[in-house]
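Okay, structure first, notes after.
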Amino acid sequence: MPFKIRRGTNISHWLSQSERRGRERREFFTEVDVQRIAEMGGGKFDHIRLPIDEEQMWDAAGNADAEAFDLLDNALDWCESAGLRAVVDLHLLRTHHFLDTEDPPLYTDPHEEERFANLWRQLSRRLDARATDQVAYELLNEAVARDPEDWNRVAMSACRAIRARELERTIVLGSNWFNQHHTFLKLRVPEDDRMILTFHYYYPMFITHYTARWWAVGGSYTGPIHYPGKPIADADLAAMDPELRHAVEEGDWNRPFGREAIIEDLQQPLIVQERTGLPLYCGEFGCFDRTPNDLRMAWYRDILSVFDEYDIAWANWDYKGSFGIVDHNGDKTAIADVLLS
């Protein structure tokens, strides 16, 4: 049976981007969470996207971490019991991080390309007994090759490694440069009907990442913001620190945004979808909880309506945290209601 998804959520900071280990890691995400996701909105979620990092799953010598793989297996068992599917996303590698400032070794060292393919061979050996309509494999989160052909080459190495073992498994393939929409026409898509094409969407950043300290360009800005329209009014832009204003203007961060701008941005993925016949999946989108709530809700309503109009599956970033459908204490946020309305 085919792997079909519609609405999901990301299980972030558990087996990825986290220092939690031992009991703290085991207790951060449990079967109770899976059941809660499955029941939210009367059962409107149908899957989770499950990021995993190489450094969590394997030690530096390449040996599998028994507890981490047991947790992965547990999560997939919980999903199956709760009626949820899962996208297993290889999120960070030792030789690839989406915030790398230079070309990562994954693209420049043939040994690292083969090692990446071998990680997928190992994951396939561990997961190949899972039903193909229950579990899909996402090759890599947010590739950042300076030359998109390098990502095309590396991605195909991993695809071949998986296909040598599993012909029917759904593979989730994203475009280069942070899975962004504007790189989709440069993505080499193989003739393979067991694929889903994925992109991420966080625009406009002054709305989705307002005061987010890790956003180097504009995370320091604490002034007024607006949605829809230009995120920063002309008067506020003129009063900005000159260096920041230059970065904002040079990067086109302040162009007018709204529902029509989202549709315009998604034209490349939609073109590739029409050409290939493969489904589209927004594997990450979300809005930081520091953003004024009325703007957050307006942005979520717009992007969700676009996904619905163009039949695009999605998984919000994230389940638990500052973008989450539950907060750090586990209490449901307003985001859950708008996602599942």
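Under my numbering, think of the first position of the sequence shown as 2, with each following residue one higher.
Ideal placement from N, C-alpha and C gives every residue a C-beta, glycine not left out.
| Asked | Found |
| --- | --- |
| Contact belief for Asn180 with Gly284 at Cβ below 8 Å, rounded distance in angstroms | 7 Å |
| Same chain only: Cβ atoms within 8 Å of Arg166, ignoring 5 sequence neighbours per side | Arg122, Ser125, Arg126 and Asp129 |
| Burial state of His48, where buried means 16 or more other Cβ atoms lie within 10 Å | buried |
| Coarse secondary structure for Tyr282, derived from DSSP in three states | strand |
| In chain order, each alpha helix (DSSP H) run of at least 4 residues that lies wholly inside the region 199–279 | 206–209, 235–239, 243–251, 260–266 and 268–277 |
| Short Cβ contact (8 Å threshold) for Glu139 with Leu91 | yes |
| Nearest residue (CA-CA) to Phe207, options Thr199, Gly219 and Ile197 | Gly219 |
| Residues that Arg50 bridges to, as DSSP identifies them | Asn11 and Val88 |
| Assigned exposure category for Ala65 - 16 Cβ within 10 Å defines buried | exposed |
| Helix, strand or coil at Ile313 [DSSP, three-state] | coil |
| Neighbourhood of Phe4 by C-beta, 7 Å cutoff - its chain only, sequence neighbours within 5 removed | Arg86, Thr133, Asp134, Ala137 and Thr171 |
| Tyr138 (DSSP reduced to helix, strand or coil) | strand |
| Rounded C-alpha distance that separates Met298 from Ile336 | 8 Å |
| Given Pro149 as reference, the closest of Ile163, Arg161, Val173 and Val190 once Cα atoms are compared | Val190 |
| Gly23 - containing alpha helix (DSSP H), residue span | Gly23 to Phe29 |
| Which listed residue (Cys288, Asp54 and Glu310) has its alpha carbon closest to that of Thr334 | Cys288 |
| Cβ pair count under 8 Å reaching 3, the region 228–239 against the region 270–282 | no |
| Selection from Asp74, Leu73, Asp151 and Leu72 that minimises the alpha carbon distance to Asp110 | Asp151 |
| Length of the line joining the Cα atoms of Phe286 and Leu296 | 15 Å |
| At least 3 beta-carbon pairs within less than 8 Å: the region 40–57 vs the region 7–26 | yes |
| Identified DSSP bridge partners for Leu93 | Asp54 |
| Beta-carbon separation (whole angstroms), Tyr301 vs Thr199, contact threshold 8 Å | At roughly 19 Å, the Cβ-Cβ gap does not stay under 8 Å, so Tyr301 and Thr199 are not in contact. |
| Endpoints, the alpha helix (DSSP H) within which Ile163 is located | Pro149 to Arg164 |
| Rounded straight-line distance, which links the Cα of Asp101 to that of Asp60 | 21 Å |
| Cβ-based neighbour list, Leu93, same chain, cut-off 6 Å, excluding 5 preceding and 5 following | Asp54 |
| Within 8 Å, strictly: CB atoms of Phe258 and Tyr204 | yes |
| Thr96 CB to nearest heavy atom of the ligand FMN below 7 Å | Absence of the ligand FMN from the depicted structure is noted, as is the absence of any ligand whatsoever, leaving it without description. |
| Classification of Trp215 by the beta-carbon crowding that lies within 10 angstroms, buried from 16 upward | exposed |
| Unbroken beta strand (DSSP E) run spanning Val173, endpoints | Ile172 to Gly175 |
| Proximity below 8 Å, CB of Val35 to CB of Ala69 | no |
| Length of the line joining the Cα atoms of Gly331 and Lys321 | 7 Å |
| Backbone secondary structure at Ile336 - three-state DSSP | helix |
| Straight-line gap, Pro229 to Val327 (C-alpha atoms, nearest Å) | 26 Å |
| Three-state secondary structure assigned by DSSP to Ala145 | In the sequence on display, residue 145 carries Val and not Ala. Val145 falls in the coil class under three-state DSSP. |
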